[in-house]
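Peer 1: Could you have a look at this structure, given as structure tokens, before my questions?
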Amino acid sequence: MTQVGEGQEAEESAPPVMTFGAPTAGEILAERYELVEHINNDSAGRLVWRGVDVVLRRPVAVVMRYPGGDSATEMLQAAVAASRVIHPNLVGVYDAIDEDDRAYVVREWVDGQSLREQVAAEGPLDPARATAVGNAVASALAAVHATGMVHGNVHPGTAMISDEGRVVLADARTDGADSQENDVRAVGGILYFALTGHWPHNEAPLHGATAGHGRAAIPDAVRDASGAIAAPRQVRAGVPAYLDDLTMDLLDPEIAPPSSDVLAAELARLDIPADDHFLESAGTLRFTAEPDDDRSPLAAAGGRKVAIGIAGLLAVALVGLLIGISTFGGDGKDPGKEPVAQPTASAPAVEDTTPAAATVRKLDIGAVKIVDPDSRKRDELDDADKVTDGSLDEGWETQSYTTAKFSNYKSGMGVWIDLGAPHTVKSVQAVVSASGATAQIFAGSATFPSSSSGDKQLVKSYKPVGDALEQYDGTTMTFSNGFNADQKYRYLMLWITELPQKEDGSGKYKIGVQEITVQGS
Numbered sequence: 082m083t084q085v086g087e088g089q090e091a092e093e094s095a096p097p098v099m100t101f102g103a104p105t106a107g108e109i110l111a112e113r114y115e116l117v118e119h120i121n122n123d124s125a126g127r128l129v130w131r132g133v134d135v136v137l138r139r140p141v142a143v144v145m146r147y148p149g150g151d152s153a154t155e156m157l158q159a160a161v162a163a164s165r166v167i168h169p170n171l172v173g174v175y176d177a178i179d180e181d182d183r184a185y186v187v188r189e190w191v192d193g194q195s196l197r198e199q200v201a202a203e204g205p206l207d208p209a210r211a212t213a214v215g216n217a218v219a220s221a222l223a224a225v226h227a228t229g230m231v232h233g234n235v236h237p238g239t240a241m242i243s244d245e246g247r248v249v250l251a252d253a254r255t256d257g258a259d260s261q262e263n264d265v266r267a268v269g270g271i272l273y274f275a276l277t278g279h280w281p282h283n284e285a286p287l288h289g290a291t292a293g294h295g296r297a298a299i300p301d302a303v304r305d306a307s308g309a310i311a312a313p314r315q316v317r318a319g320v321p322a323y324l325d326d327l328t329m330d331l332l333d334p335e336i337a338p339p340s341s342d343v344l345a346a347e348l349a350r351l352d353i354p355a356d357d358h359f360l361e362s363a364g365t366l367r368f369t370a371e372p373d374d375d376r377s378p379l380a381a382a383g384g385r386k387v388a389i390g391i392a393g394l395l396a397v398a399l400v401g402l403l404i405g406i407s408t409f410g411g412d413g414k415d416p417g418k419e420p421v422a423q424p425t426a427s428a429p430a431v432e433d434t435t436p437a438a439a440t441v442r443k444l445d446i447g448a449v450k451i452v453d454p455d456s457r458k459r460d461e462l463d464d465a466d467k468v469t470d471g472s473l474d475e476g477w478e479t480q481s482y483t484t485a486k487f488s489n490y491k492s493g494m495g496v497w498i499d500l501g502a503p504h505t506v507k508s509v510q511a512v513v514s515a516s517g518a519t520a521q522i523f524a525g526s527a528t529f530p531s532s533s534s535g536d537k538q539l540v541k542s543y544k545p546v547g548d549a550l551e552q553y554d555g556t557t558m559t560f561s562n563g564f565n566a567d568q569k570y571r572y573l574m575l576w577i578t579e580l581p582q583k584e585d586g587s588g589k590y591k592i593g594v595q596e597i598t599v600q601g602s
């Protein structure tokens, strides 16, 4: 079981030097966090304990170093920064305390193991699971990058997989020596490792990917004489071409990577259940483009490899058609005496007329309003614009109610969204203030009413898109089912029917919607 972000136990020859301030089992820190069991030490010499929050009665992980003070500044700053980003694919940070002789960070306890440990124990992941892991990591980075921060420590030791299958990213750094671009490229490394069991950054590591941070035990990627890494399909059979291409594009320093939110949307598109593989699309979008094409983070042109592949397939099909006509045609001629078309060593180029797939991107939202059809008071309509301001620090929120169902005063409340023009929609993501909410996406053609009496009619005229997320266990609600690829949407509504309970012990129910984003084309 791993609770350190590095996913590494410290070397036996490198125990903590100091003993003053060393923790003991049963000790209670800050009059709240009881230490239960020493789990391991990470490669930076920090002690990791399993503990219990005696106030909230929940398990926690306590990451400690001693002495504290200046030597713990980076750890504490990173914890404070991480605590500001709430996302289901990020390890939650609860507390950060400096007692001079020692400092410690209290965070979410995850029952599971790191990606590094899982692959070491069970071998590389199947393509569908590798895609799901990459999607989770990219989604976590998108949440971090949306705040302007950098994670700076993405590798198989910081990608953790719970026993229930949840993937979370841990142990961000704040030393300022990394970039969001390197974070995105590291997702390529995660995909490569998940598919092959090898890490592609050992020889020319990203920042933080040195042996000093626990990567030395991860097998290096297979390389040729020039040092170029082998593609996943060359290392392991059964890797789909689209996933191979996407992984290698992310690792190619000559190709500018997409932003983390665009990459997350693309991996979400590819992340489909194994039983639904017959629905698989033509393949991944590439983020290279021909000179005359419109530039985009994930260009839909498909690149030269795709064009050449299609041309070759068409040429082979043409040859086969000529052979079939000559051999089995109904002209009465002896096929043994008639010449037939023979395949040539190099097929002629055939123009690819396949229409380009639309680029998935974050759509602009033109207007946002609050829908409150059953309320006599109109005092919860302010701050709607804050759900699209790009900041998770503030948003729109309801009043406090005595029950989860709005104290039975109303059937629900909604956030109405105008995309400004009809678009193909892939997903809607809502970051809310607490887990436990029930919500659903609706769509319709009615514009926002000019008076409060029109709210009821608007709600009645809108139809649900996909299923509701009921008492959702998380604060990032992603709605991606039910959107028709052949339909354009302009007006959407996040309809909330059940509120989460407040954590202040009041027994009241309330929700805040911090940010809404829509992905589409």
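Residues 82 to 602 (the numbering used here) are what the sequence shown spells out, left to right. The beta-carbon is built from N, C-alpha and C at its ideal position, and this holds for glycine as well.
1. What ranges does the alpha helix (DSSP H) occupy inside the stretch 158-211, keeping only unbroken runs of at least 4 residues that lie completely in it?
2. Taking the alpha-carbon of THR469 as reference, which of ALA485, ALA511, TYR490 and VAL452 has the nearest alpha-carbon?
3. Do VAL580 and THR479 have their CB atoms nearer than 8 Å?
4. Counting only the same chain and skipping the five closest in sequence on each side, list residues whose C-beta sits under 6 Å from that of ALA160.
5. Buried or exposed: which applies to GLU245, given that a residue is buried once 16 or more other Cβ atoms fall within 10 Å of its Cβ?
6. So, is ILE167 buried or exposed, given that buried needs 16 or more other C-beta atoms within 10 angstroms?
7. Straight-line CA distance for TRP497 to ALA527?
8. Does DSSP classify LEU327 as helix, strand or coil?
9. Considering only the alpha carbon of each residue, which of GLY447, SER516, LEU575 and LYS541 lies closest to VAL494?
10. Inspect the CB distances between the stretch 562-573 and the stretch 504-522 and report whether three or more fall short of 8 Å.
11. In this structure, does DSSP put SER314 in helix, strand or coil?
12. Buried or exposed, going by whether 16 or more other CB atoms sit within 10 Å of the CB of ARG183?
13. List the endpoints of the continuous beta strand (DSSP E) containing ASN121.
14. Give the straight-line distance between the Cα atoms of SER587 and PRO148, rounded to the nearest whole angstrom.
15. Is the CB-CB distance between ALA346 and MET329 below 8 Å?
16. Pick from VAL214, VAL143 and ALA275: whose alpha carbon is nearest that of LEU351?
17. How about ASP179 and LEU206: are their beta carbons less than 8 Å apart?
18. Using DSSP's beta-bridge definition, name the partner residues of THR557.
19. Can you tell me whether GLY238 is buried or exposed? The criterion is at least 16 other CB atoms within 10 Å of its CB, across all chains shown.
20. So, helix, strand or coil for LEU575, using DSSP?
21. Assuming contact is defined by CB atoms lying nearer than 8 Å, are VAL248 and VAL218 in contact in what I supplied?
22. Return the first residue and the last residue of the beta strand (DSSP E) that LYS537 is part of.
23. What residue range does the alpha helix (DSSP H) around LEU500 cover?
24. Between the Cα of GLN194 and the Cα atoms of ILE446, MET241, GLY517 and GLU115, which residue gives the shortest distance?
25. Can you tell me where the beta strand (DSSP E) with ILE242 in it begins and where it stops?
26. For the putative contact between TRP477 and ALA485, defined by C-beta atoms under 8 Å, what is the C-beta separation to the nearest angstrom?
27. If you drop the 5 nearest sequence neighbours on each side, which residues of the same chain put their C-beta closer than 7 Å to that of ASP536?
28. With a cut-off of 8 Å on the beta carbons, I'd call VAL320 and PRO208 a contact; round off their distance for me.
29. Return yes when the Cβ of LEU444 is within less than 8 Å of the Cβ of VAL599, no when it is not.
30. Would VAL268 and LEU324 qualify as a contact pair, given that the criterion is a beta-carbon distance under 8 Å?
31. Closest to VAL129 by CA distance: which of ARG139, GLU118 and VAL136 is it?
32. Helix, strand or coil: how does DSSP classify TYR590 here?
33. How big is the Cα-Cα spacing for VAL265 and SER152?
34. So what does DSSP say about ASP134, is it helix, strand or coil?
35. Where are the beta strand (DSSP E) runs, 3 residues long or more, that stay fully inside the stretch 465-491, in chain order?
36. Alpha carbons only, please: which of GLN552, LEU500 and TYR273 is nearest the one belonging to VAL449?
Peer 2: Based on what the coordinates show:
1. 196-203
2. On the sequence shown, residue 469 is found 388 positions in, with the first residue counted as 1. Considering only alpha carbons, the answer is ALA511.
3. Within the sequence shown, the letter at position 499 stands for residue 580. Within the sequence shown, the letter at position 398 stands for residue 479. Looking at the sequence itself, residue 580 is Leu, so the reference to Val does not match. Closer than 8 Å, so yes.
4. Residue numbering aside, residue 160 sits at position 79 when the sequence shown is read from its first letter. Same-chain partners within the cutoff: VAL174, ALA177 and VAL186.
5. Numbered from its first residue, the sequence shown carries residue 245 at position 164. By the neighbour-count rule (16 or more Cβ atoms within 10 Å), GLU245 is not buried but exposed.
6. Residue 167 sits at position 86 when you count from the first residue of the sequence shown. ILE167 should be labelled buried.
7. Along the sequence shown, one-based indexing puts residue 497 at 416. Along the sequence shown, one-based indexing puts residue 527 at 446. The alpha-carbon atoms of TRP497 and ALA527 are separated by roughly 11 Å.
8. By 1-based counting over the sequence shown, the position of residue 327 is 246. LEU327 falls in the helix class under three-state DSSP.
9. Here residue 494 refers to the residue found at position 413 when the sequence shown is read from its first residue. Looking at the sequence shown, residue 494 is not Val but Met. Measuring from the Cα of MET494, the nearest candidate turns out to be LEU575.
10. yes
11. Locating residue 314 in the sequence shown gives position 233, where the first residue counts as 1. The residue you asked about is not Ser; residue 314 is Arg in the sequence shown. Correct three-state label for ARG314: helix.
12. Taking the sequence shown and counting its residues from 1, the one referred to as residue 183 is at position 102. ARG183 is buried by the Cβ-count criterion.
13. Residue numbering aside, residue 121 sits at position 40 when the sequence shown is read from its first letter. It spans 114-122 - the beta strand (DSSP E) in which ASN121 sits, taken as one unbroken run.
14. Indexing the sequence shown from 1 puts residue 587 at position 506. Indexing the sequence shown from 1 puts residue 148 at position 67. About 39 Å.
15. Taking the sequence shown and counting its residues from 1, the one referred to as residue 346 is at position 265. Taking the sequence shown and counting its residues from 1, the one referred to as residue 329 is at position 248. No, the Cβ-Cβ distance between ALA346 and MET329 is not below 8 Å.
16. Counted from its first residue, the sequence shown places residue 351 at position 270. Cα-wise, what sits closest to LEU351 is VAL214.
17. Sequence index remark: in the sequence shown, residue 179 carries index 98 (1-based). Sequence index remark: in the sequence shown, residue 206 carries index 125 (1-based). Contact flag unset, no.
18. In the sequence shown, counting from the first residue as 1, residue 557 sits at position 476. Partner(s): VAL512.
19. If you number the sequence shown from 1, residue 238 lands on position 157. Its Cβ being crowded by 16 or more others within 10 Å, GLY238 is buried.
20. Your numbering for residue 575 matches position 494 in the sequence shown. If DSSP states are grouped into helix, strand and coil, LEU575 belongs with the strands.
21. For the purposes of this step, residue 248 is identified with residue 167 of the sequence shown, where counting begins at 1. For the purposes of this step, residue 218 is identified with residue 137 of the sequence shown, where counting begins at 1. In this structure, VAL218 lies closer than 8 Å to VAL248 by Cβ.
22. In the sequence shown, counting from the first residue as 1, residue 537 sits at position 456. Segment 535-542 is the alpha helix (DSSP H) holding LYS537; no beta strand (DSSP E) there.
23. Here residue 500 is taken as the residue at index 419 of the sequence shown, counted from 1. LEU500 -> not in any alpha helix (DSSP H); beta strand (DSSP E) instead, spanning 494-504.
24. On the sequence shown, position 113 is the one that residue 194 refers to. Minimum Cα distance to GLN194 is reached at MET241.
25. Translated into positions along the sequence shown, residue 242 becomes position 161. Segment 240-243, the beta strand (DSSP E) holding ILE242.
26. Taking the sequence shown and counting its residues from 1, one reaches residue 477 at position 396. Taking the sequence shown and counting its residues from 1, one reaches residue 485 at position 404. Contact flag wrong, Cβ pair sits at about 18 Å.
27. Within the sequence shown, numbered from 1, the residue matching residue 536 stands at position 455. Closer than 7 Å at the Cβ level, and outside the excluded window around ASP536, lie VAL452, ASP453, PRO454 and PRO530.
28. On the sequence shown, residue 320 is found 239 positions in, with the first residue counted as 1. On the sequence shown, residue 208 is found 127 positions in, with the first residue counted as 1. Confirmed, Cβ separation roughly 6 Å.
29. The sequence position of residue 599 within the sequence shown is 518, counting from 1. The sequence position of residue 444 within the sequence shown is 363, counting from 1. Against a cut-off of 8 Å, the Cβ pair of LEU444 and VAL599 comes out as a contact.
30. Translated into the one-based positions of the sequence shown, residue 268 becomes position 187. Translated into the one-based positions of the sequence shown, residue 324 becomes position 243. No, Cβ-Cβ distance for VAL268 and LEU324 is not below 8 Å.
31. For the purposes of this step, residue 129 is identified with residue 48 of the sequence shown, where counting begins at 1. The option with the nearest alpha carbon to VAL129 is GLU118.
32. Along the sequence shown, read from residue 1 onward, the residue named residue 590 stands at position 509. Three-state DSSP puts TYR590 in a strand.
33. In the sequence shown, the residue the question calls residue 265 occupies position 184. In the sequence shown, the residue the question calls residue 152 occupies position 71. Going from the Cα of VAL265 to the Cα of SER152 covers about 29 Å.
34. For the purposes of this step, residue 134 is taken as residue 53 along the sequence shown, with counting starting at 1. Three-state DSSP puts ASP134 in a strand.
35. none
36. The residue given as residue 449 occupies position 368 in the sequence shown. Cα-wise, what sits closest to VAL449 is LEU500.
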